[in-house]
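A.B. asks: The structure's right below; bear with me while I get my questions together.
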Amino acid sequence: MQRKSLAVLVLGLAMGLCGVMTGGAQTRTPAFAINGEIAYVAYYTTVPYWNDGLRGMEAAAAELGIKFDRTKNFYGPTDGSGSEQARIIDELVAKGVKGIVVSPADNNSILSACENAMKHGIPIITVISGMSNPSTYYGELGASNFNVGVTGGNYAAKLVNGKGKVGILTIPGVPVHDQRAQGYVQTLAKYPGIKVLPLVNTDADPAKGQERAAALIQANPDLNVLIGTDSVGGAAAARAVKEAGKVGKIVVIGMDRDKDLLGYIKDGIVTASVASKSFSTKWMAMHYMYWILADKMQDIGPGITDVANKIPPIPLVSDTGTMVIDKSNVDLFIKALSKK
Amino acid sequence: MTGQAGKKGILRSMIEQTEFILVIMIVVMCILLSQLNEGFFTSANFRSMSRGFAIEGFTLIGMCFLLITGTFDISVASVMAMAGYVFTSLAVAGLNAWLALPVAILVGWAIGSCNGFIITRLRVNAFIATLATMTIVRGVVLSISQGNPIRLATAEFGQFSSAAIGGVPVMFILLILTVAVLDFMLRKVRWFRQLYFIGGNENSAELTGINVARMRFVLFGVIGALAALSGSLSSSRLEASVPNAYVGTEMKLMVACVIGGCSLNGGRGTLLGAALGLAFLFLLDNGMIMMGIDIYWFQGILGVFLIGVILVNTVSAGSFGRRGRGLGKSRQG
């Protein structure tokens, strides 16, 4: 009897284990298959900034059984042209993609293209920033760009004890950068001892950015903080500060985590970088897209799904947060780069 | 009376020179900027500007020569990025930077020669051919690098841009000497003077026995090599190869040449004028920062200044010189 009970127990445990294993395998095999392309449309596509996000999209896609390859499904102009993005979205709609994740180059240029896509049943999700008309997309994910400026601004102000002159290198006309710059400007305005200089355009070009940052340093000998609202601006500021022989005299705050920017943090030329969580933002975007296409959420009642009944299936705004990289943790980020 | 007429003739001749007008404008701008911001007239500011000027100046030489012969190359920015990548990668791999530099220049020359071959032998329009090369080369460098910069912050690598004599960057001195010699040759040496004949009337030039295709082929190779030198020097200054950099440099160089007296139709311009045109653009950019111009007005005001300088050139040539010739008088070989 005891032997029989033991056998039943072992059998039960084995079945349970099989169940767990099978169950585990099932979570990796999505219940809903997406047979088609999920496209990602960005801008300034040659900037390495996108690499972490693309890694996130590829990882999420693999988990969800979606085919996503950065060499095939990543689109966008090499400059900041919103009209070019609109053309690409129109082409993707004509091509019959299943869904489009887009980082809008500006607030308005792609509104009608996105509206058209949604009318054709192709969901639009924005990452990094939203647009002026939220009805043209399901939701936006990304760090609050304004808060990036708030975090970086307070960090910089603390380092200079609330006193000094601040230069900001940015790319005007791109909402992400405009919002970050405004975050910095409005935050630093709260410190009466700090004067913020007129913003400087890098044109997203490292050589031009360095040239202009150097001019800003020469024009303002008492400049003690230089901020870049992206990695290009941060690295340009670092190079200009080094060339002017002002390392240690000017606090440099960058953005994101490109290889050269991390190198400048390691060398102590850039004090810190406020980095968006690019991987998790795009990883989540891919999951959101999957949920929308699967349309399994039933907020009205059993059997009545959200998307089919025009109930917002995802939050309109998902703040994915930021992280500050400085000398204390930069090695971790540099080590991670070698694994990519 | 004769003396007065002679003086008037000299004055008129000077005003008709695009280079003279540009020198005046540059001097006026320097005086104004030094009054507006004390930081402008500092050695550090001029050192910084001269580095940027020298880097782009080498490619400007090639662009000026091509424009004089009535053609151009819009792939130079991509060649700069490619050469910067080759130069930095080889240096990172352990090759002596002095050996890596000629390899990068050779790559640039090869790309330029490909352009030359396609344009002169296959008879493809220069705009289409160099546009294709621009896209291909940029695509290749982005694919190989995956868009990631390669950083190399060593003294050996940085010396190409940081070396200075008496505070003046060596690359700037080299550029000035090169421009001076080549400008003289453009005015006096037969081979270089033939460039004007080609640009002025290609068919006539061929009838006089000038091998137009061969000369253009050589020039495309030269501009490729010069763009590679610029890209390598820029990488040394940036302490990195940045694959997405220099976009739009080709336009800036062409604008500098036109400001300096070159015509997009060929047959006109001098290297000195082109160099002054580039200097003017650098001063303008620097001056906008010095003056603290609002970022959203920056491009617009830049455009207004450019139109202004073209108008001044046109008026000076139109009032005192040959009407209907567009820009001010420039030597034409």
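Protein sequence lines correspond, in order, to chains B and S.
Here the first sequence stands for residues 490 to 829, where the numbers follow the working numbering.
Here the second sequence stands for residues -3 to 329, where the numbers follow the working numbering.
Here a beta-carbon is modelled for each residue, glycine too, at the ideal position from N, C-alpha and C.
Looking at C-alpha atoms only, which residue of B/Val763, B/Ala727, B/Ile577 is the closest neighbour of B/Thr640?
C.D. replies: The candidate whose alpha carbon is nearest that of B/Thr640 is B/Val763.
A.B. asks: Give the secondary structure of B/Phe557 by DSSP, where H, G and I count as helix, E and B as strand, and everything else as coil.
C.D. replies: coil
A.B. asks: Can you pull the chain S residues whose beta carbon is under 7 Å from the beta carbon of B/Asn690, in chain order?
C.D. replies: Ile291, Phe294
A.B. asks: Can you find a C-beta in chain S that's less than 9 Å from the C-beta of B/Asn713?
C.D. replies: Not an interface residue.
A.B. asks: Between the region 175 to 191 of chain S and chain B, which residues of the former have a C-beta closer than 8 Å to a C-beta of the latter?
C.D. replies: none
A.B. asks: Pick out whichever of S/Leu86, S/Leu173, S/Leu249 has its Cα sitting closest to the Cα of S/Ser228.
C.D. replies: S/Leu86
A.B. asks: For B/Asp815, which residues from the same chain have a beta carbon less than 7 Å from its beta carbon, with the 5 sequence-adjacent residues on both sides left out?
C.D. replies: Non-local beta-carbon contacts of B/Asp815 in its own chain, meaning distances under 7 Å to residues more than five positions away in sequence, involve Ile754, Thr760, Ala761 in chain order.
A.B. asks: Going by C-alpha distance, which of B/Gly743, B/Ile716, B/Asn709, B/Pro566 is nearest B/Val536?
C.D. replies: Closest by alpha carbon: B/Pro566.
A.B. asks: Under 9 Å between C-beta atoms, does B/Arg576 make it to chain S?
C.D. replies: no
A.B. asks: Could you name the residues of the region 741 to 763 of chain B whose beta carbon sits closer than 8 Å to any beta carbon of chain S, in the order they occur along the chain?
C.D. replies: Those residues of the region 741 to 763 of chain B that come within reach of chain S (Cβ to Cβ, closer than 8 Å) are Asp747, Lys748, Asp749, Gly752, Asp756.
A.B. asks: Give, in chain order, every residue of the region 617 to 649 of chain B whose Cβ lies closer than 8 Å to some Cβ of chain S.
C.D. replies: none
A.B. asks: Using a Cβ-Cβ cut-off of less than 9 Å, list which residues of the region 258 to 292 of chain S approach chain C; keep chain order.
C.D. replies: No chain C is present in this structure, whose protein chains are B and S.
A.B. asks: Cβ closer than 7 Å: which chain B residues qualify as neighbours of S/Val238?
C.D. replies: Pro695
A.B. asks: Tell me which residues of the region 45 to 75 of chain S have at least one Cβ-Cβ distance to chain B shorter than 7 Å, keeping chain order.
C.D. replies: Gly48
A.B. asks: Among S/Ala209, S/Ile172, S/Thr150, S/Val305, which one has its Cα closest to the Cα of S/Ile114?
C.D. replies: S/Ala209
A.B. asks: For S/Gly108 versus S/Gly217, is the C-beta distance shorter than 9 Å?
C.D. replies: yes
A.B. asks: Can you give the Cα-Cα distance for S/Leu267 and S/Leu178, rounded to whole angstroms?
C.D. replies: 7 Å
A.B. asks: Do we get a CB-CB distance below 9 Å when we pair B/Glu700 with the residues of chain S?
C.D. replies: yes
A.B. asks: Could you tell me which residues DSSP puts in a beta bridge with B/Phe563?
C.D. replies: The partner list for B/Phe563 (beta bridge, DSSP) reads B/Tyr529.
A.B. asks: Which whole-angstrom value is the C-beta distance of S/Leu215 and S/Gly58, which I expect to be below 8 Å?
C.D. replies: 7 Å
A.B. asks: When you compare each of S/Leu102, S/Val72, S/Gly265, S/Arg134 to S/Phe188 by their alpha carbons, which one comes out closest?
C.D. replies: Of the listed residues, the one whose Cα sits closest to S/Phe188 is S/Gly265.
A.B. asks: In or out: S/Phe156 buried (at least 16 other Cβ within 10 Å) or exposed?
C.D. replies: buried
A.B. asks: Output needed for S/Met45: all residues of its chain with C-beta closer than 6 Å, excluding positions within five of it in sequence on either side, in chain order.
C.D. replies: Phe278, Asn282
A.B. asks: Note down, in chain order, each residue of its chain lying with its Cβ closer than 6 Å to the Cβ of S/Gly66, except the 5 sequence neighbours on either side.
C.D. replies: Gly195, Gly262
A.B. asks: Looking at the strands, I want to know which residues DSSP matches up with S/Pro165.
C.D. replies: S/Ala160
A.B. asks: For S/Phe54, which of S/Ser39, S/Ser139, S/Ile64, S/Val72 has the nearest alpha-carbon?
C.D. replies: S/Val72
A.B. asks: In the DSSP output, which residue or residues are listed as bridge partners for B/Ala764?
C.D. replies: B/Met812
A.B. asks: Tell me where the alpha helix (DSSP H) around S/Leu260 begins and ends.
C.D. replies: Taken as a continuous stretch (DSSP letters only), S/Leu260 belongs to no alpha helix (DSSP H), as it is neither H nor E.
A.B. asks: With DSSP as the reference, please indicate the residues paired to S/Asn282 in a beta bridge.
C.D. replies: DSSP lists no partner for S/Asn282.
A.B. asks: Would you call B/Ile683 buried or exposed, if buried means 16 or more other Cβ atoms sit within 10 Å of its Cβ?
C.D. replies: buried
A.B. asks: Tell me whether B/Ala733 sits in a helix, a strand or coil according to DSSP, three-state version.
C.D. replies: Coil, per DSSP.
A.B. asks: DSSP state of B/Leu630, grouped into three classes?
C.D. replies: In the displayed model, B/Leu630 falls within a strand according to three-state DSSP.
A.B. asks: Tell me the DSSP bridge mates of B/Asn690?
C.D. replies: Beta-bridge pairing links B/Asn690 to B/Thr659.
A.B. asks: Tell me whether B/Gln787 sits in a helix, a strand or coil according to DSSP, three-state version.
C.D. replies: coil
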